[in-house]
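Q:
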Amino acid sequence: MNIHLAFTSENTRFEKIPTRIFDTSVDASITVAREIADLIRAKARKKEQCVLGLATGSTPTSVYGELVRLHQEEGLSFQNVVTFNLDEYYPMQPNALQSYVRFMQEYLFDHVDILPENVHIPDGTVPKEKVAEFCAAYEAKIEAVGGLDLQILGIGRTGHIGFNEPGSGQQSRTRLITLDHITITDAASDFFGEENVPRKAITMGVGTILAARKVILMAWGEGKAAIIREAVEGAVSDHVPATYLQNHADATVILDRASAAELTRVKTPWLLGGIPWDHMLIKKAVIWLAMKLETPILKLTNRDYMDHGMGDIITEFDSAYNINIRVFNELQRTITGWPGGKPDADDSTRPERADPAQKRCIIFSPHPDDDVISMGGTFIRLVDQGHEVHVAYQTSGNIAVFDDDVVRFVDFVNDFHKAFDLEKTVTSMMFDAVKRKVQEKQPGEVDAAEVQRIKGLIRRTEAKAGCRYVGIDDSRAHFLDLPFYETGKVKKKPLGEEDIRITIDLLNAIQPHQIYAAGDLSDPHGTHRVCLEAIFRAVEQLKQENTPWLKDCYIWLYRGAWQEWEIENVDMAVPLSPEELLRKRRAIFKHQSQKDRPLFPGHDSREFWQRAESRNSGTARLYDMLGLPEYEAIEAFKRYYF
421 MNIHLAFTSE
431 NTRFEKIPTR
441 IFDTSVDASI
451 TVAREIADLI
461 RAKARKKEQC
471 VLGLATGSTP
481 TSVYGELVRL
491 HQEEGLSFQN
501 VVTFNLDEYY
511 PMQPNALQSY
521 VRFMQEYLFD
531 HVDILPENVH
541 IPDGTVPKEK
551 VAEFCAAYEA
561 KIEAVGGLDL
571 QILGIGRTGH
581 IGFNEPGSGQ
591 QSRTRLITLD
601 HITITDAASD
611 FFGEENVPRK
621 AITMGVGTIL
631 AARKVILMAW
641 GEGKAAIIRE
651 AVEGAVSDHV
661 PATYLQNHAD
671 ATVILDRASA
681 AELTRVKTPW
691 LLGGIPWDHM
701 LIKKAVIWLA
711 MKLETPILKL
721 TNRDYMDHGM
731 GDIITEFDSA
741 YNINIRVFNE
751 LQRTITGWPG
761 GKPDADDSTR
771 PERADPAQKR
781 CIIFSPHPDD
791 DVISMGGTFI
801 RLVDQGHEVH
811 VAYQTSGNIA
821 VFDDDVVRFV
831 DFVNDFHKAF
841 DLEKTVTSMM
851 FDAVKRKVQE
861 KQPGEVDAAE
871 VQRIKGLIRR
881 TEAKAGCRYV
891 GIDDSRAHFL
901 DLPFYETGKV
911 KKKPLGEEDI
921 RITIDLLNAI
931 QPHQIYAAGD
941 LSDPHGTHRV
951 CLEAIFRAVE
961 QLKQENTPWL
971 KDCYIWLYRG
981 AWQEWEIENV
991 DMAVPLSPEE
1001 LLRKRRAIFK
1011 HQSQKDRPLF
1021 PGHDSREFWQ
1031 RAESRNSGTA
1041 RLYDMLGLPE
1051 YEAIEAFKRY
1061 YF
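Here it is, written out as structure tokens:
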């Protein structure tokens, strides 16, 4: 386990809370779980209770998974553990899919030997007139067991800890609060629509959290990077409640690399002085300086470098000109209109090989529209330039279809049979049954099996329409329906061997020269992360088996739905003309069920085609600002070396 840039006074002087950065969230989660386990055991040896404050959401799930493993495989007992959960939606039935009671049972309590009477979770069924009384009693119970020994936290995009939204006071205690609009938007996927999210919640107060003897705040993924910087490096403010942890005597922030991306020691470490410069850091620093000064790279001067703490680079390279031309040339060489390689060309400085001239390419698309949203222009280029392009749709995407669309499509099939005097008894019965099940479904309830299948078929036909528009035959559209996804819920199963086997079988069948995969790790629902892991694990297994075709294969990672690659990380930049951008938009439009307003829009309320064009145009503007050719749009890729 590698800790990236450990906490020292020299490289963390802007950080106001001790912060540890791990390579992955898995490494970080194991460390936190081990610390909790050590505390439980230490308390048990003293015949004392261990009082834990627990959090919910996606962040602590791996921690709970490791605690369950420690219990089942290493004998960690929870007999002496007393728990208090941070919060619960209000109102909320304990058996509801979104209930934190159910969450804790599924992820932890049902799998360890904790005593039921030692578990405390805010009650979402308390009558409103008795909520204040319940909250006071909750505080009293914490005090009665001697207070919290350890509180674990996640952090929301508003900087909330628990459900303490912006404006919460440092002395606040357990209470009923109204949720911020951003918090409601972020929870929409769990409730199958923003309109189904409760507007209130019961939460421990900031004062309750700060009274814990130790606090650990965890965050994973690029989506949390900006708020982590505010929480760790910003001033204490009720606008970002997590900043109150700066006043705690024993608080620690645990991050993966992605969530730490905006911290000074990661984003601009040269501002701290005395750092060892390497190739990538120099490239990153030069691009940062050009963007900060809004000056093309080739116009940066010695004075510019000296004034921004980068004089060491000048010492090493003699002059600004030498370093400028080096970085400029590197960026220039990333640009290519031939994503599959330019035939009969000198490829010594090109991102892709010239041979073979016609390559077999496979685009892995986590959801049925990610291919055209994230790399539609490159997809079109590959087809137009004669490559054999396949698309592997890794999941059905069935939960992202509105119920109204299901009724509309079944209604069409029913009327189609009537119009052409076909056998209509079965379809008529199906129409009535589906319509009834949709009408009877409660908000957030899992769809009936036949409804899930219909939603999957809707996404599948849209994906095939997109492929036909781009120019590939239906036979090259592969629908994997990876088992981990097919739960009918936002919460998915862990990645399994069957998922890996399906991926390996397809790769062996096609034997691609190029693999395109979604490196968009900020997907708030986690599917992109899991789909990428499936590909990486499949490739690793093929590598161990010395698979012959693999040695001639390049893997290119795309982004675009939720984020874009930083310029310094781009290895291939594919420019798009205005006409190609329009063709990309039309390909996206083939996914009608996701147009206008997708069911799960994530953090960005714009339509997917608008987000994609904004990112692609933004990348082109950055290249232009750095002094490179001006294009309408650019799709960016990073090569993955295996």
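Position in the sequence shown (from 1) plus 420 gives the number in the working numbering.
Cβ atoms here follow ideal geometry from the backbone N, Cα and C, with glycine treated the same way.
Note that this is a predicted model, so its numbers are computed, not measured.
Where does H810 fall in DSSP's three states?
A: strand
Q: Applying the criterion that 16 or more other CB atoms from any shown protein chain within 10 Å of the CB defines a buried residue, is M512 buried or exposed?
A: buried
Q: Within 10 angstroms of the Cβ of T545, are there 16 or more other Cβ atoms? Answer buried if so, exposed if not.
A: By the Cβ-count criterion, T545 is exposed, with fewer than 16 other Cβ atoms from all chains shown falling within 10 Å of its own Cβ.
Q: To the nearest angstrom, report how far apart P763 and E772 are at their CA atoms.
A: 10 Å
Q: Take M711 as the anchor and find which of I1054, L1048, I924 and E736 has the nearest alpha-carbon.
A: L1048
Q: Using 8 Å as the Cβ pair cut-off and three pairs as the minimum, do the region 437-447 and the region 665-675 touch?
A: yes
Q: Rounded C-beta distance between L573 and A475? I'm assuming under 8 Å.
A: 5 Å
Q: From N505, V617 and H531, pick the residue whose C-alpha is nearest to that of I562; which is it?
A: N505
Q: Pop quiz: L1002 and A958 are said to be a contact at Cβ under 8 Å. What is the actual Cβ separation, rounded to whole angstroms?
A: Not a contact, Cβ separation roughly 35 Å.
Q: Could you tell me whether the region 875-892 touches the region 532-550, where touching means 3 or more Cβ pairs closer than 8 Å?
A: By the Cβ rule, the region 875-892 does not count as touching the region 532-550, because fewer than three pairs are nearer than 8 Å.
Q: On the three-pair Cβ rule with 8 Å, is the region 800-820 touching the region 861-878?
A: yes
Q: Return the residue from the list G946, A705 and G729 that minimises the CA-CA distance to A938.
A: G946
Q: Over what stretch of residues does the beta strand (DSSP E) that includes F1038 continue unbroken?
A: The residue you asked about is not Phe; residue 1038 is Gly in the sequence shown. Not the beta strand (DSSP E): G1038 falls in the alpha helix (DSSP H), residues F1028 to M1045.
Q: Should V846 be labelled buried (16 or more other beta-carbon atoms within 10 Å of its own) or exposed?
A: Label assigned to V846: exposed.
Q: Three-state secondary structure (DSSP) at M624?
A: coil
Q: For P995, which three-state DSSP category applies?
A: strand
Q: For V809, which residues of its own chain have a beta-carbon under 6 Å away from its beta-carbon, when the five flanking residues on both sides are left out?
A: Contacts found: C781, L802, V803 and I892.
Q: Which runs of the beta strand (DSSP E), 3 residues or longer, sit entirely within the region 786-872?
A: 808-813
Q: Please confirm whether any heavy atom of the ligand HEM lies closer than 8 Å to the CB of D919.
A: Annotation note on the ligand HEM: not contained in the displayed structure, which lists no ligands.
Q: Taking the beta carbon of M992 as the centre, do at least 16 other beta carbons fall within 10 Å, making it buried, or is it exposed?
A: buried
Q: Given a threshold of 16 other Cβ atoms within 10 Å of its Cβ, counted over all protein chains shown, does E960 qualify as buried or as exposed?
A: Exposed, by the Cβ-count rule.
Q: Could you check how far apart the C-beta atoms of L962 and I924 are, in whole angstroms? I think they sit under 8 Å.
A: 6 Å
Q: Going by the beta-carbon positions, is the gap between A621 and D507 smaller than 9 Å?
A: yes
Q: What is the residue span of the beta strand (DSSP E) that L596 lies within?
A: R595 to T598
Q: Decide yes or no for the touch test of the region 655-663 against the region 576-596: beta carbon pairs closer than 8 Å, at least 3 of them.
A: They touch, by the three-pair rule.
Q: Helix, strand or coil: how does DSSP classify H668 here?
A: coil
Q: Contact between the region 1024-1036 and the region 1050-1058 is defined here as three or more beta-carbon pairs at a separation below 8 Å; is this criterion met?
A: With three or more CB-CB distances shorter than 8 Å, the region 1024-1036 counts as touching the region 1050-1058.
Q: Cβ of S478 within 9 Å of Cβ of S449?
A: no
Q: Roughly how many whole angstroms lie between the Cα atoms of K651 and W758?
A: First, the residue type needs correcting, since residue 651 is Ala and not Lys in the sequence shown. Distance between the alpha carbons of A651 and W758: 43 Å.
Q: Should T684 and A705 be called a contact, given that it needs their Cβ atoms to be closer than 9 Å?
A: no
Q: Could you say which of H948, G761 and K857 lies nearest to L902 if we only look at CA atoms?
A: H948
Q: Suppose you measure from the CA of P788 to the CA of Y905; what does that come to, to the nearest Å?
A: 13 Å
Q: Leaving aside the five residues before and after P786 along the sequence, list all residues of the same chain whose C-beta is less than 7 Å from its C-beta, in chain order.
A: Q814, T815, A938, T947, H948 and C951
Q: Ordered along the chain, which non-local residues of its own chain (more than five positions away) have a Cβ less than 6 Å from that of H601?
A: none
Q: In the DSSP assignment, find the beta strand (DSSP E) that holds V471 and state where it starts and stops.
A: C470 to L474
Q: Determine the direct distance from the alpha carbon of E468 to that of L1042, and round the result to whole angstroms.
A: 59 Å
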